[in-house]
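Colleague: To start, I am sharing the structure in question, which I have written as structure tokens.
Number of protein chains: 2
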Amino acid sequence: MTQEQLLLNERPNGMPDDNTFKFVETNVGEPEANQVLLKTLYVSVDPYMRGRMSDTKSYVAPFEVGKPLDGGIVAEVIESKSNQLQQGDIVRSSLPFQEYHVLDADDVSKVNTNGLSPSAALSILGMPGLTAYFGMMHIGEPKPGETVVISGAAGAVGQVAGQLAKQAGARAVGIVGSEEKAAYITQQLGYDEAVQYKKGDVAQQLQNACPDGIDVYYENVGGEIGDAILPLLNTFARVPVCGAISSYNLKDGEQDIGLRVQPFLVKSRVKMQGLLVGDFSDHFDEAYAFLAKAVANGDLTYEETIQEGFHSIPDAFLGLFSGENIGKQLVKVADPS
Amino acid sequence: MTQEQLLLNERPNGMPDDNTFKFVETNVGEPEANQVLLKTLYVSVDPYMRGRMSDTKSYVAPFEVGKPLDGGIVAEVIESKSNQLQQGDIVRSSLPFQEYHVLDADDVSKVNTNGLSPSAALSILGMPGLTAYFGMMHIGEPKPGETVVISGAAGAVGQVAGQLAKQAGARAVGIVGSEEKAAYITQQLGYDEAVQYKKGDVAQQLQNACPDGIDVYYENVGGEIGDAILPLLNTFARVPVCGAISSYNLKDGEQDIGLRVQPFLVKSRVKMQGLLVGDFSDHFDEAYAFLAKAVANGDLTYEETIQEGFHSIPDAFLGLFSGENIGKQLVKVADPS
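First to last, the protein sequences are chains A and B.
Per UniProt numbering, the very first residue in the first sequence carries number 1; after that it's consecutive.
Per UniProt numbering, the very first residue in the second sequence carries number 1; after that it's consecutive.
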């Protein structure tokens with residue numbers, strides 16, 4: 001049996017394009033003793049993958065040219081030669097982007113999405129949900145009455161972060177790129193206010209939306225939006241830095257130039273801290289339990305933007321950088337059997 | 001009796017100059033019951049005072065035009081109408097810059113400099129010593145074998161910060177502006193290496209001095225030096241931000257433009273945190289005890305650069321921005337009686 005696989009064809013310089021990706025056909029292989037055959041159901045495309053397309057040292061090894069991309073995948077066990085997993089089980093792992101996988105059963109973990117779509121294991125009950133939780137609750141630590149601003153507020157992480165701030169009793173202001181997203185975060189997620197960065201002076205809009213300054217800024221985008229936040233930070237403000245998507249497609253040798261933060265950090269004794277979800281692995285159980293319960297109770301809602309078909313992965317990935325998605329961007333590769 | 005007093009004559013736009021300051025003559029006054037008459041011995045000039053010369057919201061109220069500057073002063077009680085203080089006692093307080101003070105005894109606190117010069121109460125056993133201690137020990141938290149870089153390494157705070165890093169078992173690299181300061185920090189303070197930022201490519205020099213990257217960066221200066229640090233920060237690096245002296249004399253409307261930190265903070269999950277010594281007042285006793293003991297044991301050494309005479313305050317202050325001082329810059333106004 002053959003399958004489609006998605007390779008890194010060449011390293012992008014600046015924004016990735018069609019030459020960045022290459023689809024090839026490979027053999028699936030057969031599971032041996034203690035192995036399983038998995039069918040990919042959903043593939044997660046995430047902004048951090050752009051970093052791995054470049055040949056620079058980072059927290060995960062770069063993708064290799066001519067080798068498959070990999071990332072978060074939810075798959076179904078369609079054949080099992082292991083006692084640990086049964087046909088029909090849903091598993092999640094970081095796997096090469098291809099339609100099938102032959103793996104040791106030890107290398108994947110079964111997920112229980114509590115009656116939600118299996119895709120939830122890549123969104124609200126997956127990495128983005130956890131990232132929002134740790135950034136907001138362990139670094140941001142919003143308090144009742146504080147003002148919390150979230151950039152990328154309608155995105156995979158932002159949609160959760162804003163609701164967590166509200167649950168903590170804070171005022172939540174989201175920065176988004178469209179009228180539709182503004183409506184989503186204020187009407188569906190309970191954000192108090194939306195700032196549309198494409199609609200003129202962001203600094204002025206933020207000042208209007210945050211008359212008492214900013215106590216927590218959940219940073220997803222960086223760039224000029226991050227700059228506009230700095231003068232509004234209150235004493236002892238916290239800035240979890242989850243991402244800086246505006247900088248991910250700089251060309252080789254380009255630098256991300258803007259406001260230096262040091263004068264603001266000193267003046268207001270701000271804490272700014274970068275985070276990666278894996279750093280909090282000791283607390284995963286706490287976070288999964290919290291998120292699952294909040295979703296079950298209806299205290300937490302979320303969206304997924306799902307493109308169909310393995311071949312749509314590059315398009316779905318590129319859409320992250322133009323803000324096509326509301327909520328988590330996923331690619332649906334196959335239906336469960 | 002009359003005395004000299006130093007006023008803010010006009011708010012500077014950019015670097016302060018002679019028009020910023022004005023000396024006037026005022027009456028000293030007489031102490032009443034429960035009051036003391038103090039003679040100023042030493043005046044502390046500090047970079048943060050530049051912020052107070054501008055009319056912008058910060059952690060301390062701006063100086064008022066036509067009113068005296070104020071700051072850290074060590075003084076001698078020359079007449080006491082209080083049981084709390086005796087003639088000859090040495091006190092420290094934040095006071096207007098003038099030669100004498102008539103004050104309620106409750107408003108000043110006696111200092112014991114353990115046989116050191118009274119000036120120590122404004123340097124190693126004062127605000128700069130404490131600032132180094134809290135920034136390094138409470139935020140930087142250097143561990144054995146780590147690499148710690150300190151900018152302004154020969155300054156009032158930097159000279160202490162570097163020694164604390166060494167005592168913690170870390171490798172200490174100092175950034176300084178002259179050959180003389182490089183010799184001071186490596187030969188007197190025990191820094192492992194000095195980077196002279198006026199001697200060519202700082203980024204390259206830092207890379208050579210920090211082959212294993214940077215785990216703690218004690219930030220005193222900001223600007224291009226702060227920029228050069230960012231790419232070298234290791235995973236989980238800590239950056240206590242004590243000052244950003246390179247930005248203090250920007251003209252009205254000028255912004256401090258350079259490398260945005262967000263991409264580096266995410267990539268290496270760095271914590272950057274602004275600090276002000278007063279935020280740690282609950283721990284002052286711990287810090288004073290630590291510093292006094294370390295000095296007494298000979299584990300901590302320090303320098304003071306002392307200009308003579310009340311009229312030299314403006315010059316001593318301006319010298320901070322051209323790096324004239326080694327160690328703490330003070331002005332000696334009078335000898336003890």
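All C-beta atoms, glycine included, are put in the ideal place defined by N, C-alpha and C.
If we call anything under 8 Å between Cβ atoms a contact, is A/Leu41 one with A/Val295?
Modeller: no
Colleague: Cα separation between A/Glu79 and A/Met127?
Modeller: Cα to Cα, the separation comes out at about 27 Å.
Colleague: Just how far apart, CA to CA, sit A/Leu265 and A/Ser109?
Modeller: 42 Å
Colleague: Please state if the CB of B/Gly158 and the CB of B/Leu122 are separated by a distance shorter than 8 Å.
Modeller: no
Colleague: What does the Cβ neighbour count give for B/Glu146, buried or exposed, with the cut at 16 atoms within 10 Å?
Modeller: It counts as buried.
Colleague: Under DSSP, the beta strand (DSSP E) around B/Gln217 begins and ends at which residues?
Modeller: Inspection of the sequence shows that residue 217 of chain B is occupied by Tyr rather than by Gln. Here the beta strand (DSSP E) through B/Tyr217 covers Ile214 to Tyr218.
Colleague: Is there a Cβ from chain B that is less than 8 Å from the Cβ of A/Lys271?
Modeller: yes
Colleague: Does the distance between the C-beta of B/Leu95 and the nearest non-hydrogen atom of the ligand NAP fall short of 7 Å?
Modeller: This structure lacks the ligand NAP; in fact it carries no ligand of any kind.
Colleague: On the criterion of 16 or more Cβ atoms from any shown chain inside 10 Å, does A/Gln204 qualify as buried, or is it exposed?
Modeller: Counting other Cβ atoms within 10 Å of its Cβ, A/Gln204 stays below 16 and is therefore classed as exposed.
Colleague: In this structure, does DSSP put A/Glu324 in helix, strand or coil?
Modeller: The answer is coil: DSSP assigns A/Glu324 none of H, G, I, E or B.
Colleague: Buried or exposed for A/Ser322, going by 16 or more other Cβ atoms inside 10 Å?
Modeller: exposed
Colleague: Using CA atoms only, rank isn't needed, just tell me which of B/Glu303, B/Gly190 and B/Leu206 is closest to B/Gln196.
Modeller: B/Leu206
Colleague: Is B/Gln159 helix, strand or coil when you go by DSSP?
Modeller: helix
Colleague: What residue does the beta strand (DSSP E) around B/Lys39 start on, and which one ends it?
Modeller: Gln35 to Ser44
Colleague: Identify the contact partners of B/Leu320 in chain A, using a Cβ-Cβ distance below 9 Å as the criterion.
Modeller: Within chain A, no residue comes near B/Leu320; the closest Cβ sits about 15 Å away, beyond 9 Å.
Colleague: Kindly indicate which residue of B/Thr301, B/Lys267, B/Gly222 and B/Glu180 has the alpha-carbon position closest to the one of A/Ala61.
Modeller: B/Lys267
Colleague: Closer than 8 Å between beta carbons: that is the criterion. Which residues of the segment 206–235 of chain B meet it against chain A?
Modeller: Glu219, Gly222, Gly223, Gly226, Asp227 and Thr235
Colleague: By DSSP, does A/Ile73 sit in helix, in strand, or in coil?
Modeller: strand
Colleague: Does the beta carbon of A/Pro263 sit closer than 8 Å to a beta carbon anywhere in chain B?
Modeller: yes
Colleague: Pull up the DSSP beta-bridge partners for A/Asp104, would you.
Modeller: A/Gln35
Colleague: Across the segment 266–285 of chain A and the segment 230–244 of chain B, are there enough close Cβ pairs to call them in contact, namely three or more that are closer than 8 Å?
Modeller: yes
Colleague: B/Lys181 and B/Ala161: beta carbons closer than 8 Å?
Modeller: The Cβ-Cβ distance between B/Lys181 and B/Ala161 does not fall below 8 Å.
Colleague: Need the endpoints of the beta strand (DSSP E) that B/Gly319 sits in, please.
Modeller: Segment Ile313 to Gly319 is the alpha helix (DSSP H) holding B/Gly319; no beta strand (DSSP E) there.
Colleague: Against chain B, does A/Gly247 count as a neighbour if the rule is that its beta carbon must be under 8 Å from one of theirs?
Modeller: In the sequence on display, residue 247 of chain A carries Ser and not Gly. So, interface residue.
Colleague: Which residues mark the beginning and the end of the beta strand (DSSP E) in which A/Phe236 is found?
Modeller: Leu233 to Val241
Colleague: Name the two residues that bound the continuous alpha helix (DSSP H) containing A/Gln262.
Modeller: Counted as a single uninterrupted DSSP element, the alpha helix (DSSP H) harbouring A/Gln262 occupies residues Gln262 to Ser268.
Colleague: Against chain B, with Cβ distances strictly below 8 Å, would A/Gln255 count as a contact?
Modeller: yes
Colleague: Keeping to the same chain, check which residues put their C-beta closer than 7 Å to that of A/Gln84; ignore five residues upstream and five downstream.
Modeller: Ala105
Colleague: Near B/Lys166, what residues of its chain come up, given a Cβ to Cβ distance below 6 Å and the 5 sequence neighbours on each side ignored?
Modeller: Ala172 and Gly190
Colleague: Let me know the secondary structure DSSP gives A/Glu304 once reduced to three states.
Modeller: strand
Colleague: Using a 10 Å radius around the Cβ and a threshold of 16 neighbouring Cβ atoms, would you call B/Gln5 buried or exposed?
Modeller: Under a 10 Å Cβ-count criterion, B/Gln5 is classified as buried, with 16 or more other Cβ atoms of the shown protein chains found around its own Cβ.
Colleague: Pick from B/Ala209, B/Tyr217, B/Val277 and B/Asn325: whose alpha carbon is nearest that of B/Glu193?
Modeller: B/Ala209
Colleague: For the structure I just gave you, are there three or more beta carbon pairs, one from the segment 296–306 of chain A and one from the segment 324–332 of chain A, closer than 8 Å?
Modeller: yes
Colleague: Quick one: using the 10 Å Cβ neighbour count with 16 as the cut-off for buried, is B/Asn220 buried or exposed?
Modeller: buried
Colleague: Tell me which residues share the same chain as A/Lys198 and place their Cβ nearer than 7 Å to its Cβ, disregarding the 5 neighbours each side in the sequence.
Modeller: Gly177
Colleague: Buried or exposed, going by whether 16 or more other CB atoms sit within 10 Å of the CB of A/Met1?
Modeller: exposed
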